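Q: Heads up: the protein sequence lines correspond to chains A and B, in order.
For what it's worth, numbering that gives the first Met the number 0 labels the leading residue of the first sequence as 0, then goes sequentially.
For what it's worth, numbering that gives the first Met the number 0 labels the leading residue of the second sequence as 0, then goes sequentially.
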Amino acid sequence: MIPGPATTFDAPEASVLNVNEPMLRCESLTQTYLSGGRELTVLKNITFALEAGGFIAIVGPSGSGKSTLLGLLAGLDRPRAGRVVLDGRDLGTLSEDERARLRAEKVGFVFQSFHLIPTLTARENIQVPLELRGEEAAARARADELLARVGLEGRGHHYPAQLSGGEQQRVALARAFSHRPAVLFADEPTGNLDAATGATVIGLMSELNRELGTTLVLVTHDPDLAARARRIIRLADGAVVHDSAAA
Amino acid sequence: MPFVLAMAWRESRASLRRMALLVASIAVGVAALVAISSFTDSLQESVREQARALLGADLALGSASRFSPRAEEELKKVVGEARGTDVSRLVRFGAMAYVPRTTGARLVQVTAVEGGYPFYGRIETRPPGGWERLGEAGGVLVDPALVSALDANVGDALALGEARLAIRGVVTSMPGDVAVRSALGPRVFMSARDLDATGLLTFGSRARYEAYLKIPAAEDPLRLALRHRPALAAERVSLRTVSEDEESLNETLGRLGRYLGLVALIAVLLGGLGVASAVHVFIKRKIETVAVLRCLGATGGTVLAVYLVQAAALGLLGSALGVAIGLGVQAALPMVMAGLLPVEVRFAPSWPAAAAGLGVGLWVAAAFALLPLLSVRHVSPLVVLRRPYETDGPKRRDPVRILAGALLAASVVMLAVLEAPSRASGVGFALGIGGALLALWAAAVALSLALRRFFPSRWPYLWRQGVANLYRPANQTVMVVLALGFGAFLLDTLFLVQHNLLRDLRVDAGADRPNLVLFDIQPDQRAGVEAELRKAGLPVREPVPIVPMRILSLKGQSAGAFLAAGTVPRRAPGERRTPRAGPNPWTLRREYRSTYRGALTSSEKTIAGGEWPPPGWPASGGPAPVSIEKELATELGVHVGDDVVWDVQGRIVPSRVAHLREVSWARFEPNFFVVFPPGPLEGAPQSFVTLSRADDPQVRARVQRRIVESFPNVTTIDLAQVQQALDRIVSKVALAIRFMALFSLATGAVVLVGAVATSRYQRLREAVLLKTLGATRGQILRIALAEYVALGLLASATALLLATGAAWGLVRYFFESRFSLPAAQLSATVLAIVALTVLVGLWTSAEVARKPPLEVLRAE
Chain A
0 MIPGPATTFD APEASVLNVN EPMLRCESLT QTYLSGGREL TVLKNITFAL
50 EAGGFIAIVG PSGSGKSTLL GLLAGLDRPR AGRVVLDGRD LGTLSEDERA
100 RLRAEKVGFV FQSFHLIPTL TARENIQVPL ELRGEEAAAR ARADELLARV
150 GLEGRGHHYP AQLSGGEQQR VALARAFSHR PAVLFADEPT GNLDAATGAT
200 VIGLMSELNR ELGTTLVLVT HDPDLAARAR RIIRLADGAV VHDSAAA
Chain B
0 MPFVLAMAWR ESRASLRRMA LLVASIAVGV AALVAISSFT DSLQESVREQ
50 ARALLGADLA LGSASRFSPR AEEELKKVVG EARGTDVSRL VRFGAMAYVP
100 RTTGARLVQV TAVEGGYPFY GRIETRPPGG WERLGEAGGV LVDPALVSAL
150 DANVGDALAL GEARLAIRGV VTSMPGDVAV RSALGPRVFM SARDLDATGL
200 LTFGSRARYE AYLKIPAAED PLRLALRHRP ALAAERVSLR TVSEDEESLN
250 ETLGRLGRYL GLVALIAVLL GGLGVASAVH VFIKRKIETV AVLRCLGATG
300 GTVLAVYLVQ AAALGLLGSA LGVAIGLGVQ AALPMVMAGL LPVEVRFAPS
350 WPAAAAGLGV GLWVAAAFAL LPLLSVRHVS PLVVLRRPYE TDGPKRRDPV
400 RILAGALLAA SVVMLAVLEA PSRASGVGFA LGIGGALLAL WAAAVALSLA
450 LRRFFPSRWP YLWRQGVANL YRPANQTVMV VLALGFGAFL LDTLFLVQHN
500 LLRDLRVDAG ADRPNLVLFD IQPDQRAGVE AELRKAGLPV REPVPIVPMR
550 ILSLKGQSAG AFLAAGTVPR RAPGERRTPR AGPNPWTLRR EYRSTYRGAL
600 TSSEKTIAGG EWPPPGWPAS GGPAPVSIEK ELATELGVHV GDDVVWDVQG
650 RIVPSRVAHL REVSWARFEP NFFVVFPPGP LEGAPQSFVT LSRADDPQVR
700 ARVQRRIVES FPNVTTIDLA QVQQALDRIV SKVALAIRFM ALFSLATGAV
750 VLVGAVATSR YQRLREAVLL KTLGATRGQI LRIALAEYVA LGLLASATAL
800 LLATGAAWGL VRYFFESRFS LPAAQLSATV LAIVALTVLV GLWTSAEVAR
850 KPPLEVLRAE
């Protein structure tokens, strides 16, 4: 296991004015949901920070709260308590739409079930993030470049349904990196792929990550995949049971 | 914005097939709207083009009696002022005609022509050139209907009064001819020179005298009309000009077009419901895409815009399709309306109407799509990570939602006001629609609640399962009831109003009611006519005397002065008619055919004045008491105690209103506007009318022929023939109305399919699970059957209830008629609507039942 670098800030008192402000920081994150009228605590008091360019794997059995944590870190939902600071912005102070704009600027996603928009071609899927920022002209060039980069040149006009799982995930990768995000969230990116295809996708993801210096947050329960991260946080029952950086 | 457009375009490429329902919903409504308004525009354009031919002259004078010497003088003045004016005179009257060679006799409408009428437009005859020869005495031109009715040939002699005139040909077309007009009596055109020979214009016969003027081009007919109208009006001569005729005809047609437009608007609004339900389904399937877009950083507003643009674009497509269909239908409308229109309508697409249809379609699509679309703003990006936990649902007090609702309501009111003949009726129409929808919605919600509360738990499983579908999550109850119920409500209302109005046109022809009426019997012919009837074995009733008279003065003011004054405040173009002070002109112009008797008949009811005749009179002295029919009293503006002076064939008869009656005009009795007591009129010149009855139509025909041969001036009417003619006219009108209602039904069906589709995916899952658990196809279809029977029954019963209320109100207060419910036909409508629902429902479910479970589970 690769030890965490010395610049890791995991103390809650780290100042926002610090020049070494981490890319992603969460403090005392707690999340509950209503289920059948009863309150269900899915995350309890999670605190950690991740420096820019870092690579963290969040692991744990299913139901341990991995996806919920990912959703909160990416601003897809609001926590019951605690806060998330992404690139210096406190997500709790932002409205739903402001968080969306922040995602359009800084965040990329790769999902277990790809989540390509079925009515758009591969190329159009890749173009969406840049187009959302109003950079239509750049979007086309970037899509060409990324299609080539993920080995799908000439397949840009295909719809997701016409692509294999691995191909779809490569398109999803291209989409995730198209706007050069500061943070990439990956939720079980190989979960729906066979081993060989999964390895290709992970290889691509690592390369792109290195090239762009993206901060990477990976949710997985695959130990081999997690082992590639520089730091591992293990969750169980909604709480951190192990943090390799703290170890 | 560019992203929104690009995204909307890319998305709709794939959804076009799915959104076919949205396109169809809008297309049908817009088609109706465009067909009607474009047709109205062409109609008005045709009226403009053919207005002169419609009147046949520049000026037309008309009177219910021979022109008085003063009226003749006035006519001379007009001719003197406009040198070179051509005059043609017409006399129109009803008479009996027969062909001596064949059997039967027929009531005809005779026009005796003197001079060059018509000055504009052409009357076509077969053989051609017949009209030009009409001036030559001794011959007539007739309607083709008369030739077939009397089994005559061109060349046969036609007996008209005492005269025998040769049938020279048939009239095949004439300007301004509303074909149904001749249904009540075929027309006969003759030369005025033969008029005396017929001996028909005897005492008591009704005739209309007209003079047609062709004014030299340098003169302004309207100026002449305005100058001479008051003097002519005082002599009970009306004066028509081309421009005024055109204006009032166009106004009438415009109003008619707008009423039909309202029917079309209902189809458009139904289409709006279809849009809403199509969008609702569409959005449900787009939740994942929306969530991904949100994840990638799209704001709620951006996503909303993407789908709103799509809905609007599809709405535009539907509108364009609707415009095309509408113009196609417009081309077919003249066939449907054949015989009802006074002008020949050329097919000319009206581009303003098409543009308006396009705009309305687009607006309705956007306004109705907005409400269901608003929920995309609340789709959580979290959906991409896992199925959502129970959510609080959309925020109840979302101000944007309230705003969208208000916008929708305002749009409906605005469209109704734009389309309706008046602002008040537009608002009323919108309120009515709102009320109906609210009631349907309430019924649907009440059904869901009631079912949950009083669930029939003892029913067999399949029925329970089907009925339970009505209140379970993602049920379609409200949507189907709204869509289907509204369509049914509209059709039921149209049907009920039509039924009630047409019922009044039905002459009461019960087994003991008279069906043969003979009038214009001169006093010296009474005995002869009665003898003829007896000889044929027909019952003879006491003949009723008829005395023609006119109003000379009303409450001390001369009728001529009223009439002359009435012509002065002609309204400026575009200005609304000011409320009329004083009596309605027609009440003063007309010739009254009054009677005298000492009792009320069975079809009359006293409204005011007590006993008839007043018991004190004539001992009490004073002017003769009269009984006046209540509607006429209103039009005249008279009450019990007011004085009316009559001109009875030149003799002045003062009277005082002593009694008001309500008359049931539908009862076939000799009914009268004005009744005198026995006494004052007995010495006046009078004719008689009598009624009889024969069950066998051949007997009636024989009697008619015998009477006309012996007494040519006596008119006999066979009520059965009148009824047939009325029925023909009515069915023509009804066809035109039904044609419009058809659009609403078509939209209703589209919306129904859409509504059923809203819950289709839910049902698909359920059905597959049931099949996995061992349900057969038949069982699944029976569950669907139970559900759709219940839905159809609820929707159509609620609609019927609402329609009964609406039709009752319309019939009672708008048409001021009696309301009755045709139970049998209505139950048939209810059943038909239930059948339609079940059919559509089963058709959609059949696919569900057919699919193998695995295929569907995989697709999930």
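Backbone N, C-alpha and C fix where the C-beta goes; we use that ideal spot for every residue, glycine too.
This structure is a prediction, so every number in the text was calculated from the model and none was measured.
Output the distance between the C-alpha atoms of residue 225(A) and residue 19(B), rounded to the nearest integer angstrom.
A: The residue given as residue 225(A) occupies position 226 in the first sequence. The residue given as residue 19(B) occupies position 20 in the second sequence. Distance between the alpha carbons of residue 225(A) and residue 19(B) is about 48 Å.
Q: Look at the alpha carbon of residue 238(A) and the alpha carbon of residue 32(A), and state the distance between them as a whole number of angstroms.
A: For this step, residue 238(A) is matched to residue 239 along the first sequence. For this step, residue 32(A) is matched to residue 33 along the first sequence. Near 15 Å, if we compare the C-alpha coordinates of residue 32(A) and residue 238(A).
Q: So that I know if they touch, is there some Cβ in chain A lying closer than 8 Å to that of residue 399(B)?
A: Numbered from its first residue, the second sequence carries residue 399(B) at position 400. Cβ-Cβ to chain A under 8 Å: no for residue 399(B).
Q: Run through chain A and tell me which residues come within less than 7 Å of residue 383(B), C-beta to C-beta.
A: The residue given as residue 383(B) occupies position 384 in the second sequence. Correct list: 110 and 114.
Q: Which residues bound the alpha helix (DSSP H) around residue 149(A)?
A: Within the first sequence, the letter at position 150 stands for residue 149(A). First-last for residue 149(A): undefined, no H or E at that position.
Q: Quick one, are the C-beta atoms of residue 798(B) and residue 836(B) less than 8 Å apart?
A: Against the second sequence, residue 798(B) aligns to sequence position 799. Against the second sequence, residue 836(B) aligns to sequence position 837. The answer is no: Cβ separation not under 8 Å.
Q: What does a CB cutoff of less than 7 Å around residue 228(A) pick up in its chain, not counting 5 residues either side in sequence?
A: Stepping through the first sequence from its first residue, residue 228(A) is reached at position 229. Excluding sequence neighbours, residue 228(A) sits near 54, 55, 56 and 217.
Q: Listed from N- to C-terminal order along the chain, which residues in the segment 50 to 80 of chain A have their beta-carbon within a distance smaller than 7 Å of any beta-carbon of chain B?
A: With the criterion set as a beta carbon lying under 7 Å from some beta carbon of chain B, the members of the segment 50 to 80 of chain A are 66, 69, 70, 75 and 76, in sequence order.
Q: Count the other C-beta atoms from every protein chain shown that fall within 10 angstroms of the C-beta of residue 188(B), then say buried if there are 16 or more, exposed otherwise.
A: In the second sequence, counting from the first residue as 1, residue 188(B) sits at position 189. Buried, by the Cβ-count rule.
Q: Per DSSP, residue 520(B) is paired with what?
A: Stepping through the second sequence from its first residue, residue 520(B) is reached at position 521. Per DSSP, 687(B).
Q: Output the distance between the C-alpha atoms of residue 17(B) and residue 243(B), rounded to the nearest integer angstrom.
A: Indexing the second sequence from 1 puts residue 17(B) at position 18. Indexing the second sequence from 1 puts residue 243(B) at position 244. Computed Cα separation, rounded: 53 Å.
Q: To the nearest angstrom, how far is it from the Cα of residue 164(B) to the Cα of residue 685(B)?
A: Here residue 164(B) refers to the residue found at position 165 of the second sequence. Here residue 685(B) refers to the residue found at position 686 of the second sequence. Going from the Cα of residue 164(B) to the Cα of residue 685(B) covers about 29 Å.
Q: Among 747(B), 838(B), 668(B) and 370(B), which has the Cα closest to the Cα of residue 603(B)?
A: Here the question's residue 603(B) lines up with position 604 in the second sequence. The shortest Cα separation from residue 603(B) among 747(B), 838(B), 668(B) and 370(B) belongs to 668(B).
Q: Would you call residue 611(B) buried or exposed, if buried means 16 or more other Cβ atoms sit within 10 Å of its Cβ?
A: Mapped onto the second sequence, residue 611(B) falls at position 612. Buried is the call here.
Q: Which residues of the segment 85 to 107 of chain A have a Cβ closer than 8 Å to any Cβ of chain C? Give them in chain order.
A: Protein chains in the displayed structure are A and B, and chain C is not among them.
Q: Express the C-alpha separation of residue 487(B) and residue 860(B) in angstroms, rounding to a whole number.
A: Past the boundaries of the shown model lies residue 860(B); chain B is included only from 0 to 859, so the question cannot be answered.
Q: When you compare only the Cα positions, how much space is there between residue 712(B) and residue 174(B)?
A: Along the second sequence, one-based indexing puts residue 712(B) at 713. Along the second sequence, one-based indexing puts residue 174(B) at 175. A direct Cα-to-Cα measurement between residue 712(B) and residue 174(B) gives close to 30 Å.
Q: Rounded to a whole number of angstroms, what is the C-alpha to C-alpha distance between residue 222(B) and residue 93(B)?
A: Taking the second sequence and counting its residues from 1, one reaches residue 222(B) at position 223. Taking the second sequence and counting its residues from 1, one reaches residue 93(B) at position 94. Roughly 34 Å separates the two Cα atoms.
Q: Threshold first: 4 residues or longer. Then list the alpha helix (DSSP H) segments lying entirely within the segment 194 to 228 of chain A, N to C.
A: 194 to 211 and 222 to 225
Q: For residue 231(B), which residues from the same chain have a beta carbon less than 7 Å from its beta carbon, with the 5 sequence-adjacent residues on both sides left out?
A: The residue you call residue 231(B) lines up with position 232 of the second sequence. Closer than 7 Å at the Cβ level, and outside the excluded window around residue 231(B), lie 60, 70, 73 and 238.
Q: Which word fits residue 122(A), buried or exposed, when buried means at least 16 other C-beta atoms lie within 10 angstroms of its C-beta?
A: Within the first sequence, residue 122(A) is the residue found at index 123, counting from 1. By the 10 Å Cβ count, residue 122(A) comes out buried.
Q: Where does residue 114(A) land, buried or exposed, given buried means 16+ other C-beta within 10 angstroms?
A: For the purposes of this step, residue 114(A) is taken as residue 115 along the first sequence, with counting starting at 1. Label assigned to residue 114(A): buried.
Q: Compute the beta-carbon to beta-carbon distance between residue 294(A) and residue 131(A), rounded to the nearest angstrom, for a pair I have assumed lies under 8 Å.
A: The question about residue 294(A) has no answer, for chain A in this structure spans 0 to 246.
Q: Determine the extent of the beta strand (DSSP E) in which residue 645(B) is found, giving its start and end residues.
A: Locating residue 645(B) in the second sequence gives position 646, counting from the first residue. Element bounds for residue 645(B): 642 to 647.
Q: Starting from residue 45(B), trace the alpha helix (DSSP H) both ways and give me its first and last residue.
A: Your numbering for residue 45(B) matches position 46 in the second sequence. Residue 45(B) -> alpha helix (DSSP H) spans 19 to 54.
Q: Run the CB neighbour count on residue 584(B), radius 10 Å, all protein chains shown included, and call it buried at 16 or more, exposed below.
A: Sequence index remark: in the second sequence, residue 584(B) carries index 585 (1-based). So residue 584(B) counts as buried.
Q: Could you have a look at residue 548(B) and say whether DSSP puts it in helix, strand or coil?
A: Here residue 548(B) refers to the residue found at position 549 of the second sequence. Secondary structure of residue 548(B) (DSSP, three-state): strand.
Q: What did DSSP end up calling residue 112(B) once you bin it into helix, strand or coil?
A: Stepping through the second sequence from its first residue, residue 112(B) is reached at position 113. Residue state, collapsed to three classes: strand.
Q: What's the gap between the Cα of residue 796(B) and the Cα of residue 471(B)?
A: Against the second sequence, residue 796(B) aligns to sequence position 797. Against the second sequence, residue 471(B) aligns to sequence position 472. Those two C-alpha atoms are separated by around 22 Å.
Q: Is it buried or exposed for residue 240(B), if we count other Cβ within 10 angstroms and need 16 for buried?
A: Looking up residue 240(B) in the second sequence gives position 241. The residue is buried, with at least 16 neighbouring Cβ atoms inside 10 Å.
Q: What's the gap between the Cα of residue 115(B) and the Cα of residue 609(B)?
A: Taking the first residue of the second sequence as 1, we reach residue 115(B) at position 116. Taking the first residue of the second sequence as 1, we reach residue 609(B) at position 610. Answer to the nearest angstrom: the Cα atoms are 55 Å apart.
Q: What do you get for residue 770(B), buried or exposed, if any count of 16 or more other CB atoms within 10 angstroms of its CB means buried?
A: Translated into positions along the second sequence, residue 770(B) becomes position 771. In this structure residue 770(B) is buried. Its beta-carbon is surrounded by 16 or more other beta-carbon atoms within 10 angstroms.
Q: Spell out whether any CB of chain B is found under 8 Å from the CB atom of residue 189(A).
A: For the purposes of this step, residue 189(A) is identified with residue 190 of the first sequence, where counting begins at 1. No, residue 189(A) does not count as interfacial toward chain B.
Q: Report all residues from its chain with a CB closer than 6 Å to the CB of residue 111(A); omit the five preceding and five following residues, and keep chain order.
A: For the purposes of this step, residue 111(A) is identified with residue 112 of the first sequence, where counting begins at 1. Closer than 6 Å at Cβ, skipping near neighbours: 186, 187, 190 and 191.
Q: Verify whether the separation of the beta carbon atoms of residue 382(B) and residue 286(B) is less than 8 Å.
A: Along the second sequence, one-based indexing puts residue 382(B) at 383. Along the second sequence, one-based indexing puts residue 286(B) at 287. Yes, they are a contact pair.
Q: Going by beta carbon distance, what residues of the same chain come within less than 7 Å of residue 34(B), once the five residues before and after it are set aside?
A: In the second sequence, the residue the question calls residue 34(B) occupies position 35. 325, 328, 329 and 332, listed in sequence order.
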